[in-house]
Amino acid sequence: MTCSYTMNSTNASSNATHVSSRSFHHFLQEPFGLTIGRLIIEGIIFFIGVVGNILVCVVVVRQRLTKSLAYVFILNLAIADLGILLFSFPFGLIRTEGISWPFGWFGCKVFYPLSDVFHGVSIASITVIAIYRYRGIVAGRSPNQNRAANCAKVIIFCLWVSSFLLLVVPLFFSMEFVIFQGKHYCYPKFEKWLYFAIYQMELFVITYMLPISIILFTYVKIRARLRESIRLRHQIRRQSGLLNKTDKDSFNEKNFKALRILTPVVLVFVVTMLPYNIYRVVDIFIDTSGIKYMLIFFKMCVLAFVCNSSANPVIYALISDEFRKAFKWHLRYCVSKPLNKTNMFSLAERFTSIKKAHGKERKKSATTMLMV
1 MTCSYTMNST
11 NASSNATHVS
21 SRSFHHFLQE
31 PFGLTIGRLI
41 IEGIIFFIGV
51 VGNILVCVVV
61 VRQRLTKSLA
71 YVFILNLAIA
81 DLGILLFSFP
91 FGLIRTEGIS
101 WPFGWFGCKV
111 FYPLSDVFHG
121 VSIASITVIA
131 IYRYRGIVAG
141 RSPNQNRAAN
151 CAKVIIFCLW
161 VSSFLLLVVP
171 LFFSMEFVIF
181 QGKHYCYPKF
191 EKWLYFAIYQ
201 MELFVITYML
211 PISIILFTYV
221 KIRARLRESI
231 RLRHQIRRQS
241 GLLNKTDKDS
251 FNEKNFKALR
261 ILTPVVLVFV
271 VTMLPYNIYR
281 VVDIFIDTSG
291 IKYMLIFFKM
301 CVLAFVCNSS
311 ANPVIYALIS
321 DEFRKAFKWH
331 LRYCVSKPLN
341 KTNMFSLAER
351 FTSIKKAHGK
361 ERKKSATTML
371 MV
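Okay, so the sequence shown: first residue is 1 according to full-length UniProt numbering, each after it adds one.
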């Protein structure tokens, strides 16, 4: 969110360098009641996002799910979303609400642009998860456990470094800290409009269009492969006379379950980040300082931005029974009681410890009958 409202800061005209133009007084101001309502909604979403992403991190780490490559990337996604909520969102709020910059020259030059790294890592993590599913289902590649762990570390390291180089480094040379009429201002100011246009277009491509293209390609291929696999397995069983209504294809069921979780994650990303990226493209070609509704629109973009980083834990809880039970367990017992691994909900296993003993026996007997 660092590059928000940068057109006034990058325009080559003399008006663009006037500090008062960045206080947004010439835009249509949001009604007070709407401001209060929006801030309350943002506060609720912020709280849900912070608690939810912390729970994701706790569940993955405490249950040692990092042995699975997919959960390693889910953990990385949760950490990046936490960074967005705890750093990027407050900085964006300071800008849009016209609050005097409270973190001084060093905070403006270093902390403000550095917060953009979380945005890049979050988007890259979603993309890498889609690629990982594609390699496992379509390409049929199951890496060695030790090699997978080392590969995950390298990939995550590359995600953070590339996000830092592409999104943060250009802003280190562009941030301006100004004191005007007793208020402190922090904003990006590019020397030439061309530099600004290149940077904005770069962000639009690598943080929106490219990830969406890769994810859509992998999802189309994965769904086609799963349908083909289901048809083939049913055909083989039908020909061999082993097809049973109660028989389940555990392999395809597991993969479809993964897609049911990741599909809404991707859809939320596409929808919530669309307004902000529309603004980015428009801001390249049009001086948005002349549009009086632009500040209100941008505040809605910030709200959508927060929703994107807060939605993933909610999606896990709604769609995944295992995640939902693990969240409940930690919320009830993790703080008040010492960790007892026998009571932990395992996301790596199909059945959890919450099942009653007779329910487990019934499941086991049914499985034995199918195998016979």
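Positions of the beta carbon are idealized from the N, C-alpha and C atoms, including for glycine.
- Between alanine 304 and threonine 263, the CB-CB gap reaches or exceeds 7 Å.
- Inclusion of leucine 69 and alanine 148 in the CB contact set at 7 Å is warranted, their separation being smaller than that value.
- Spanning the alpha carbons of leucine 171 and glycine 107 requires a straight line of approximately 13 Å.
- Contact annotation: isoleucine 215 and alanine 124 have beta-carbon atoms that are not nearer than 7 Å.
- For proline 264, the secondary structure class from DSSP, reduced to helix, strand or coil, is helix.
- Two segments are said to touch when three or more pairs of C-beta atoms, one from each, lie closer than 8 Å; by this definition the stretch 292-311 touches the stretch 30-48.
- The three-state reading of DSSP puts proline 90 in helix, counting H, G and I together.
- When rounded, the separation of the alpha-carbon atoms in tyrosine 134 and methionine 294 is 40 Å.
- For methionine 175, the beta-bridge partners assigned by DSSP are Pro188.
- The beta carbon of serine 320 sits closer than 6 Å to those of Ile261, all from its chain and outside the five residues before and after it, given in chain order.
- A contact between stretches requires three or more CB pairs, one per stretch, nearer than 8 Å, and the stretch 171-182 fails this requirement with the stretch 73-91.
- Distance from the CA of isoleucine 44 to the CA of phenylalanine 180, rounded to the nearest whole angstrom, comes to 33 Å.
- Cysteine 307 counts as buried, since no fewer than 16 other beta carbons sit within 10 angstroms of its beta carbon.
- Taking a C-beta distance under 7 Å as the contact criterion, leucine 65 and tyrosine 71 qualify as a contact pair.
- For phenylalanine 180, the three-state secondary structure derived from DSSP is strand.
- Here proline 170 carries a helix assignment [DSSP, helix/strand/coil].
- In the three-state DSSP reduction, tryptophan 101 falls in the coil class, being neither helix nor strand.
- Your pair valine 138 and arginine 225 checks out as a contact, with CB atoms roughly 5 Å apart and the cut at 8 Å.
- The alpha-carbon separation between leucine 331 and glycine 52 amounts to approximately 10 Å.
- Each of Ala326, Tyr279, Lys292 and Val268 was checked against the Cα of serine 122, and the nearest Cα belongs to Val268.
- Judged by DSSP secondary structure, phenylalanine 46 falls within the alpha helix (DSSP H) whose first and last residues are 32-62.
- Only residues of its own chain outside the window of five on either side were considered, and among them Ser125, Val128 and Ile129 have a CB closer than 6 Å to the CB of phenylalanine 73, listed in chain order.
- Burial is judged here by how many other beta carbons sit within 10 angstroms of a residue's own beta carbon; lysine 325 has at least 16 and is buried.
- Aspartate 287 carries a coil assignment under DSSP once its states are collapsed to helix, strand and coil.
- At least 7 Å separates the beta-carbon of glycine 120 from that of leucine 85.
- In the DSSP assignment, histidine 119 falls within the unbroken alpha helix (DSSP H) covering 116-137.
- DSSP places tyrosine 208 in the helix class (H, G or I) of the three-state scheme.
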